[in-house]
Amino acid sequence: MLPGIGVFGTGNIIKVAVPILREKGFKIEAIWGRTLSAAEEVAKELDIPFYTNRVDDVLLRKDVDLIFIISSPNLHAQIAVKALGIGKHVLCDKPAGLCQSEALKMVRASQYYPSLISIVNHSLRFLPAFAQMRRAIAEGFLGTEKDLTVCDVRVQMGSLLHDVYDWLCDDTMGGGVLTLVGSHVIDLVSHLLSQRAVKVHGVVRTFTKQNEHINGIRNISSPDFCSFQMEMSGGTLVTVTLNNHLPGQFHQEVLICGKGHLVVRGGDLYGMKIGAPKEEVIYLDVEDLQKYGSINPVVASTIPKPYMKGLIKMMGALREAFLPVEDKRGWVKEPVALAATFEDGLYVQAVIDALRKSSANKEWVKVTIITEEPDPNPLLSAAVRRSGGISI
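Listed below in structure tokens is the structure:
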């Protein structure tokens, strides 16, 4: 049985996701917006029966059993932890919080409630070209893991900003190409290679600090360019370039080299073994998004096709996970086994934190995943330990 869904957020991803979810058979019961007027506007546009600007009003509804969190990153951990505690399944957009401590809270909540779905929206995992690439690597198309030498990722696209100043302009609120696109790339590379980053070196820059819409006393702090390298646990070297300075276009290429190469360009997969005369086509993406007639084409054009198609596949996997079970809170694990977990989200956040530190200090930085929340006042704690405790 398919669960009722409550969505958090009023952006374009929600406007694309809701019609697709309905086509998959889900019922959208409620929507939350930062302001009541924003929630009302999108609720009317998408024909959602209940809207609010209060988090609990959605979480406590008895007809809502699956939560979609597609809001600003500063709310991800707060809503996800609360939803799991109430007994709701959670799909959370990237990134998993603003920092590792927030992501760790999400991990602990998911571990405490293992009977609930808790996944991160790293939808590229579900794109058929990447699923085929991962399978080809596992089957030895490029040799063994030790033969995987280089992975090169390049993403060229336009600005991520809106015409008004909002959280997308603020690096500390989770805006910028490193957080919003880099998180997808970091997760995807680890998923494809079955390796994790050990050390990283990055250059993170904000070149556009004002534009025709955002100027005056406010400056844009979210990065619009990022170039970084990752040394992976299996020895593969990963190089990534993320660029927001190509208006109106989107180009994404993921190249992995070993005893030959595999490359995904857009949604198509090509491969070539050493000694072969030319590249062979392994998978061609021929799916036409126009068949989803309920999606507003203007809204859909703002989301790159690989990400949208991956999101559609992930929603299909969610349907297959819930449909066979009579209890609307029950689910089958296999259809969503590919999905990124909250533990994966914590790892991605650790890499992002290390890249920020590397860019600031201009040096290689070791990736460290925290297992305990950092002490909010280390100086006081150290003084207490030295004094043997506080007596009252």
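With my numbering applied, the sequence shown closes on residue 751, and no number is skipped along the way.
For each residue, glycine too, the CB sits at the ideal point set by N, CA and C.
Because the structure is a prediction, the values reported are computed rather than measured.
Could you spell out where the beta strand (DSSP E) holding Y642 opens and where it closes? Taken as a continuous stretch (DSSP letters only), the beta strand (DSSP E) holding Y642 covers E639 to Y642.
Close-in-space but distant-in-sequence residues of the same chain around H610 (CB under 7 Å, 5 per side omitted): Q515.
Would you check if the distance between the CB atom of M465 and the CB atom of A497 is smaller than 8 Å? No; because the gap between Cβ atoms is not below 8 Å, this pair is not in contact.
Excluding five sequence neighbours on each side, which residues of the same chain lie with their C-beta closer than 6 Å to the C-beta of L670? Answer for L670: S482, listed in chain order.
Is V753 near V536, with beta carbons less than 8 Å apart? Summary: the structure shown does not reach residue 753, with the chain confined to residues 360 through 751, and so no result is reported for it.
H435: first and last residue of the uninterrupted alpha helix (DSSP H) it sits in: Note, H435: alpha helix (DSSP H), H435 to I445.
Confirm, please, whether the CB-CB distance from V724 to P454 is below 8 Å. Taking 8 Å as the Cβ cut-off, P454 and V724 do not qualify as a contacting pair.
If you draw a straight line from the C-alpha of I654 to the C-alpha of M667, how long is it? Straight-line Cα distance between these residues: approximately 11 Å.
Once the 5 residues before and after P378 are set aside, which same chain residues still bring their CB inside 6 Å of it? Non-local beta-carbon contacts of P378 in its own chain, meaning distances under 6 Å to residues more than five positions away in sequence, involve S653 and I654 in chain order.
Integer Cβ distance of M360 from E685, believed to fall under 8 Å: Rounded, the Cβ-Cβ distance is 6 Å, consistent with contact.
Note down, in chain order, each residue of its chain lying with its Cβ closer than 7 Å to the Cβ of S750, except the 5 sequence neighbours on either side. Interpretation of S750 is limited by its pLDDT of 45, a score under 50 that renders its predicted location unreliable; the figure taken from the coordinates is listed afterwards. Here the set comprises nothing.
How many angstroms separate the CA atom of V726 from the CA atom of R467? If you draw a straight line from the Cα of V726 to the Cα of R467, it comes to about 20 Å.
Would I364 and E388 be called neighbours here (beta carbons separated by less than 8 Å)? Contact: yes.
Please name the residue or residues paired with V562 in a DSSP beta bridge. Partner(s): S586.
As assigned by DSSP and simplified to three states, the class of E399: Of the three classes helix, strand and coil, the one that applies to E399 here is helix, per DSSP.
Do V695 and L677 have their CB atoms nearer than 8 Å? For V695 and L677, yes; Cβs fall inside 8 Å.
Span of the alpha helix (DSSP H) around L714: Under the DSSP assignment, L714 falls in the alpha helix (DSSP H) whose first and last residues are F701 to N720.
Between the C-alpha atoms of I579 and K568, what's the straight-line distance to the nearest angstrom? Computed Cα separation, rounded: 4 Å.
Since F609 sits in a beta bridge, which residues does DSSP pair it with? According to DSSP, which records beta bridges pairwise, F609 is partnered with M516.
Count the C-beta pairs between the stretch 494-511 and the stretch 403-411 that are closer than 8 Å, then say yes if the count reaches three, no if not. Result no; under three Cβ-Cβ pairs closer than 8 Å.
Between the stretch 418-430 and the stretch 444-452, can you find at least three pairs of beta-carbon atoms closer than 8 Å? Three or more beta-carbon pairs separated by less than 8 Å link the stretch 444-452 to the stretch 418-430, which places the two stretches in contact.
With DSSP run on the structure shown, which of helix, strand or coil describes C528? Here C528 sits in helix by DSSP.
Are the beta-carbon atoms belonging to A488 and L705 less than 8 Å from one another? Against a cut-off of 8 Å, the Cβ pair of L705 and A488 comes out as no contact.
Which one of K721, D703, S718 and A719 has the shortest CA to CA distance from S549? Distances from the alpha-carbon of S549 to those of K721, D703, S718 and A719 put D703 closest.
Where do the N-terminal and C-terminal ends of the alpha helix (DSSP H) with H448 fall, by residue? Per DSSP, H448 belongs to no alpha helix (DSSP H); it is in the beta strand (DSSP E), H448 to D452.
Per DSSP, V544 forms a beta bridge with which residues? Beta-bridge pairing links V544 to no other residue.
For Q777 and E679, I'd like the C-alpha separation in whole angstroms. Lying outside 360 to 751, the shown extent of the chain, residue 777 is not represented and no answer is given.
So is D522 buried or exposed if we call it buried at 16+ other beta carbons inside 10 Å? D522 sits exposed, since fewer than 16 C-beta atoms from the chains shown fall within 10 Å of its C-beta.
Could you tell me which whole beta strand (DSSP E) segments of length 3 or greater appear in the stretch 463-526? The stretch 463-526 contains these whole beta strand (DSSP E) runs: 477-480 and 509-516.
How would you label T595, buried or exposed, when you count the other beta carbons within 10 angstroms and need 16 or more for buried? Looking at its Cβ environment, which holds 16 or more other Cβ atoms inside 10 Å, T595 is buried.
Is it true that the CB of W391 sits closer than 8 Å to the CB of V375? The Cβ atoms of V375 and W391 do not sit closer than 8 Å to each other.
Of the residues L551, E571 and G630, which one's Cα is nearest the Cα of G593? Selected option, being the one with the closest Cα: L551.
Does the separation of the CB atoms of G502 and K618 fall below 8 Å? It is a contact, given that the beta carbons lie within the stated cut-off.
Considering only residues of the same chain and omitting the five flanking positions on each side of N371, which have a CB-CB separation below 7 Å? Cβ-Cβ distances below 7 Å link N371 to V658, T661 and I662 in the same chain, with the five nearest sequence neighbours on each side left out; the list follows chain order.
Identify the residues that DSSP records as bridge partners of K386: which are they? Beta-bridge pairing links K386 to G363.
Less than 6 Å between C-beta atoms, sequence neighbours within five positions excluded: which residues of the same chain meet that for R493? So the list reads L551, once near-sequence residues are dropped.
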